[in-house]
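In the working numbering, the protein residues as written are 6 to 164. The beta-carbon is built from N, C-alpha and C at its ideal position, and this holds for glycine as well.
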Ligand code: INI
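Written out as C-alpha cells, the structure is:
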C-alpha cells in the first residue's frame with residue numbers, strides 16, 4: 006500500500022475560530038437543551054479563551070433559520086454556523102412546509118457561501134422522540150452539531 010495524504014478535521018476550537026449558534030425560540034423547551042449540549046461540547050474542546058468567539062443568536066422558528074444563517078455566513082465574520090431547532094410532526098399540521106425548506110435552505114446557504122452551516126434541527130414524529138434526542142437516551146443533537154462544526158472548521162482551514 007502506498008502512502009496517502011489524509012486530510013481531516015481536528016475537533017479543537019481554536020482561539021481565532023468564530024462560531025454562531027442559531028437557536029429557535031419555537032419549541033424552546035427542547036431547543037434550550039440542544040443549546041446547552043452544543044455550548045458544552047464547544048467549551049470542552051476549546052483552547053483557552055476560545056469560547057469568547059462563540060455567539061448565540063435567537064431566531065423565531067426553524068423556517069427562519071436559513072435567512073438568518075445566510076446573513077451570518079455571508080457577513081464573513083464566522084467560520085461556522087450551527088443551526089439548532091426542533092420541528093415536531095405531532096405539534097404541527099404543516100410539518101413538511103417547515104422542515105423541508107429549513108433543511109434545504111440551510112444546505113443552500115452552506116454551499117453558496119462556503120461557510121459550514123451545521124444542521125442541528127430535530128425533525129421528529131413526537132415530542133417524546135425530540136426529548137430523547139435532546140440530552141436523554143438518544144444523545145444530544147446540539148452536542149453532535151457542535152462536534153461537526155469543530156471538525157468542519159478545521160477541515161476547511163486545511164483545504
Ligand atoms: N417552527 C419550529 O421551529 N418548529 C415547529 O415544530 C414549528 N411548527 O410546529 O409549526 C414551527 N413553526 C413556526 C415556523 O418555523 C415559523 O416561525 C412561522 O411559520 C413564521 O414564519
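Could you tell me the boundaries of the alpha helix (DSSP H) in which residue 49 lies? 33-49
Residue 127 and residue 90 closer than 9 Å at C-beta: yes
Express the C-alpha separation of residue 7 and residue 140 in angstroms, rounding to a whole number. 43 Å
Euclidean distance between Cα positions of residue 160 and residue 84: 11 Å
Element boundaries [alpha helix (DSSP H), containing residue 109]: 100-118
Range covered by the alpha helix (DSSP H) that runs through residue 147: 146-163
Which partner residues of residue 128 appear in the DSSP bridge assignment? BP columns for residue 128 point to 92.
Please name the residue, chosen from 121, 149, 129, that lies closest to residue 158 on a Cα-to-Cα basis. 121
Secondary structure of residue 86, DSSP reduced to three states: Note: residue 86 maps to strand in three-state DSSP.
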